[in-house]
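Residue numbers (our numbering): 250 to 775. Each residue gets a CB set at the ideal place from its N, CA and C atoms; glycine is no exception. As the structure is a computational prediction, the values presented were derived from the model and not from experiment. Worksheet for the structure shown next.
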Amino acid sequence: MRQDYEGRQVYLVGGGIASLAAAAFLVRDCDFPGSGIHVIEELHILGGSNDGAGSEEHGYVIRGGRMLNDETYENLWDLLASIPSLDHPEISVREEITAFDNANPTHSRARLVNAAGEIINSSSMGFDMADRLAMGKLILTPEDKMGTAHINDWFAPHFFETNFWYMWATTFAFQPWHSAVELKRYMIRFMHEFPRIHTLEGVTRTPYNQYDSVILPLKKYLEKQSVDFSLKCTVTDLDFKEGEGITVTGIHVLKGDVKDRIAVGDRDLVIVTNGSMTESSSLGSMTAPPVLNGKGSSWELWDRLAAKKPGLGNPSPFDDHIDGSKWESFTVTFSDSVFFDLMEKFSGNRAGTGALVTFKDSSWLMSIVLAYQPHFRNQPEHVRVFWGYGLNVDKEGDFVKKKMSECTGEEIMTELIGHLHFGQHRDTIMATANCIPCMMPFITSQFMPRALGDRPKVVPDGSTNLAMVGQFCEIPEDVVFTEEYSVRAARIAVYKLLGINKPVAPVHHYQYDVRTLVSSLATSLH
Numbered sequence: 250m251r252q253d254y255e256g257r258q259v260y261l262v263g264g265g266i267a268s269l270a271a272a273a274f275l276v277r278d279c280d281f282p283g284s285g286i287h288v289i290e291e292l293h294i295l296g297g298s299n300d301g302a303g304s305e306e307h308g309y310v311i312r313g314g315r316m317l318n319d320e321t322y323e324n325l326w327d328l329l330a331s332i333p334s335l336d337h338p339e340i341s342v343r344e345e346i347t348a349f350d351n352a353n354p355t356h357s358r359a360r361l362v363n364a365a366g367e368i369i370n371s372s373s374m375g376f377d378m379a380d381r382l383a384m385g386k387l388i389l390t391p392e393d394k395m396g397t398a399h400i401n402d403w404f405a406p407h408f409f410e411t412n413f414w415y416m417w418a419t420t421f422a423f424q425p426w427h428s429a430v431e432l433k434r435y436m437i438r439f440m441h442e443f444p445r446i447h448t449l450e451g452v453t454r455t456p457y458n459q460y461d462s463v464i465l466p467l468k469k470y471l472e473k474q475s476v477d478f479s480l481k482c483t484v485t486d487l488d489f490k491e492g493e494g495i496t497v498t499g500i501h502v503l504k505g506d507v508k509d510r511i512a513v514g515d516r517d518l519v520i521v522t523n524g525s526m527t528e529s530s531s532l533g534s535m536t537a538p539p540v541l542n543g544k545g546s547s548w549e550l551w552d553r554l555a556a557k558k559p560g561l562g563n564p565s566p567f568d569d570h571i572d573g574s575k576w577e578s579f580t581v582t583f584s585d586s587v588f589f590d591l592m593e594k595f596s597g598n599r600a601g602t603g604a605l606v607t608f609k610d611s612s613w614l615m616s617i618v619l620a621y622q623p624h625f626r627n628q629p630e631h632v633r634v635f636w637g638y639g640l641n642v643d644k645e646g647d648f649v650k651k652k653m654s655e656c657t658g659e660e661i662m663t664e665l666i667g668h669l670h671f672g673q674h675r676d677t678i679m680a681t682a683n684c685i686p687c688m689m690p691f692i693t694s695q696f697m698p699r700a701l702g703d704r705p706k707v708v709p710d711g712s713t714n715l716a717m718v719g720q721f722c723e724i725p726e727d728v729v730f731t732e733e734y735s736v737r738a739a740r741i742a743v744y745k746l747l748g749i750n751k752p753v754a755p756v757h758h759y760q761y762d763v764r765t766l767v768s769s770l771a772t773s774l775h
């Protein structure tokens, strides 16, 4: 089969999980020679939004942590089942994650905390009949009848004060002004999680952060296959063949100050990650807040491509509304276990077995999560690291009278200590705390209200050699802001462009499972 690909090249624009998955599917399922696969990434490191790096001295940073799900990430698990573990090469990354998760099962005992610092009973969803009727109507209404409706166009104000909303919104990072279509997809896709949303038992955890646990093994696998990586290289534009249809003929790149053009042959393929939810992120420190940046090269590239050819989507709903898509995370590094000891006692969960702890009365709508330690491969034994975020970054804090977006790491820690009522331990906690805030302008841009066609098809109509992957292409029924979405898109792109007659694992339809429906209905009535 290899002789069919002689001299043929595949160019993957972006070094995130979508491109890495596409490269792996090319090698594994198509027998495509790795030397003909080229990943072009503007950063100095692969992984895209699956990041995780740092040190005890400078502090660790995870911009975001994506929760995995054992039952719905069909294509991700299929991929990871064929990638060898770094630590135990005799088993797959899939097996490694499963073994770790089985040894450290998630069961949150402190999902919601009130203003008094008390863990509240979150097993009751808090719906009234109007909420239930609106939810039923949402699930039953076809997407093409919903247009660009916002979630708060669909539900009355009461819905946004329910336990369900606080848990669902902070688990998946929804805002009331986000797309009702996206919420509908999540309701259906994760319907089986509805009865356990208060414990998050359905969450599957990786042994380390996702960069160390998923990206590094993928990278090593691809390196062994001689896949070519061009880092610190920015794709600025694509040339297209004149006339109708979509055929890429050239790739414009910028490496340092040097501009170049890669000629794309008649049999070559180009797979682009259009848009980025973590692009233009900014880090602060204990003494400085992060800054809010604007568009970067990924969005600018998609803007240019969409202006050139119909069928390549409309990025404006996603990249022109930063106030609707931004929020702020923070990663805290300690050189002792004081805070972790206090949190484990407060929550009733050993680190790595709990889930998001959300302070439902927090004006910032702040949540934190303590992962299993160590969370980084190079993390010393005595060091502890946790992650948190706030959805309402432009509201004044309850203890620090400033917007979260204007706060230093020290001020974010002060706000958190206030909500936990750990004031008597403040000095001890702060003695070794290094809180690094991160502002992400586009982190929920994929949830912004959009019309049909705003997200391009994975392989646009009329395309002979171009595919679009990542969080901003259109895959019917599936949910964005997940690893699965990017991996599914990559698999669709590779199979379709190369004419491979192999199945892509389908989306599981829980809405047709009687047991799931009955269980979800019972939960909504509680």
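Residue i, DSSP secondary structure in three states
{"i": "H307", "result": "coil"}
{"i": "H287", "result": "strand"}
{"i": "V262", "result": "strand"}
{"i": "H624", "result": "coil"}
{"i": "V553", "result": "Inspection of the sequence shows that residue 553 is occupied by Arg rather than by Val. DSSP places R553 in helix when its eight states are reduced to three."}
{"i": "E645", "result": "strand"}
{"i": "M244", "result": "Residue 244 is absent from the model: the chain starts at 250 and stops at 775."}
{"i": "S694", "result": "helix"}
{"i": "I520", "result": "strand"}
{"i": "F489", "result": "strand"}
{"i": "E344", "result": "helix"}
{"i": "F281", "result": "coil"}
{"i": "H441", "result": "helix"}
{"i": "L269", "result": "helix"}
{"i": "F478", "result": "strand"}
{"i": "N401", "result": "helix"}
{"i": "E577", "result": "strand"}
{"i": "S530", "result": "coil"}
{"i": "H757", "result": "coil"}
{"i": "D703", "result": "coil"}
{"i": "F635", "result": "strand"}
Cβ-based burial, residue i [other Cβ within 10 Å; buried from 16]
{"i": "P357", "result": "Inspection of the sequence shows that residue 357 is occupied by Ser rather than by Pro. Looking at its Cβ environment, which holds 16 or more other Cβ atoms inside 10 Å, S357 is buried."}
{"i": "N363", "result": "exposed"}
{"i": "M378", "result": "exposed"}
{"i": "D572", "result": "exposed"}
{"i": "A620", "result": "buried"}
{"i": "N598", "result": "buried"}
{"i": "I266", "result": "buried"}
{"i": "E660", "result": "buried"}
{"i": "T536", "result": "exposed"}
{"i": "R251", "result": "A caution first: R251 carries a pLDDT of 49, below 50, which makes its placement in the model unreliable, though a value can still be read off. It is exposed - the Cβ of R251 has fewer than 16 other Cβ atoms within 10 Å."}
{"i": "A738", "result": "buried"}
{"i": "D568", "result": "buried"}
{"i": "V763", "result": "Note on V763: pLDDT 46, under 50, position unreliable in the model; the coordinate value appears next. Its Cβ having fewer than 16 others within 10 Å, V763 is exposed."}
{"i": "S284", "result": "exposed"}
{"i": "L261", "result": "buried"}
{"i": "V767", "result": "In this prediction, V767 scores a pLDDT of 44, lower than 50, which makes its location untrustworthy; the coordinate-derived value is nonetheless stated afterwards. Flag for V767 reads exposed."}
Option nearest residue i by Cα separation, candidates the options
{"i": "I368", "options": "R360, G375 and A739", "result": "R360"}
{"i": "S428", "options": "D703, G748, E733 and N641", "result": "D703"}
{"i": "F595", "options": "L669, E664 and P338", "result": "L669"}
{"i": "S735", "options": "Q720, L746, L605 and L747", "result": "Q720"}
{"i": "R728", "options": "F409, K433, E290 and E659", "result": "Reading the sequence as shown, one finds Val at residue 728 and not Arg. Selected option, being the one with the closest Cα: K433."}
{"i": "W326", "options": "L389, T453, P539 and G672", "result": "T453"}
{"i": "E320", "options": "E733, G264, S268 and G533", "result": "E733"}
{"i": "R699", "options": "M688, T582 and S565", "result": "S565"}
{"i": "V756", "options": "S654, Y254, N324 and L487", "result": "N324"}
{"i": "K504", "options": "T485, V521 and T522", "result": "T485"}
{"i": "P705", "options": "V618, D552 and C687", "result": "D552"}
{"i": "G658", "options": "W403, G533 and P391", "result": "G533"}
{"i": "L487", "options": "P686, I511, M592 and L467", "result": "I511"}
{"i": "L295", "options": "F589, K651 and P466", "result": "P466"}
For residue j and residue i, believed in contact at Cβ under 8 Å, the rounded distance
{"i": "R257", "j": "R516", "result": "5 Å"}
{"i": "T693", "j": "A422", "result": "5 Å"}
{"i": "I749", "j": "D278", "result": "6 Å"}
{"i": "G639", "j": "L605", "result": "Incorrect: roughly 12 Å between the Cβ atoms, too far for contact."}
{"i": "V642", "j": "W576", "result": "6 Å"}
{"i": "F489", "j": "V497", "result": "6 Å"}
{"i": "F696", "j": "E431", "result": "5 Å"}
{"i": "P333", "j": "I495", "result": "Not really, about 37 Å apart at Cβ, beyond 8 Å."}
{"i": "F376", "j": "T411", "result": "6 Å"}
Between the region 668-684 and the region 454-468, are three or more C-beta pairs nearer than 8 Å?
-> A contact between stretches requires three or more CB pairs, one per stretch, nearer than 8 Å, and the region 668-684 fails this requirement with the region 454-468.
Per the contact definition of three or more C-beta pairs closer than 8 Å, is the region 706-718 in contact with the region 728-747?
-> Touching, yes.
Count the CB pairs spanning the region 442-455 and the region 465-483 that are closer than 8 Å, and state whether there are at least three.
-> No: the two stretches stay apart, fewer than three of their Cβ pairs being nearer than 8 Å.
Sufficient close CB pairs (3 or more, under 8 Å) joining the region 544-552 to the region 647-663 | Below 8 Å, too few C-beta pairs join the region 544-552 and the region 647-663 to call them touching: fewer than three.
Quick check: the region 339-348 against the region 599-614, are there 3 or more CB pairs under 8 Å?
-> The region 339-348 and the region 599-614 do not touch, with fewer than 3 CB-CB distances between them shorter than 8 Å.
Given 8 Å, three or more beta-carbon pairs between the region 685-692 and the region 583-592 = The region 583-592 and the region 685-692 do not touch, with fewer than three beta-carbon pairs separated by less than 8 Å.
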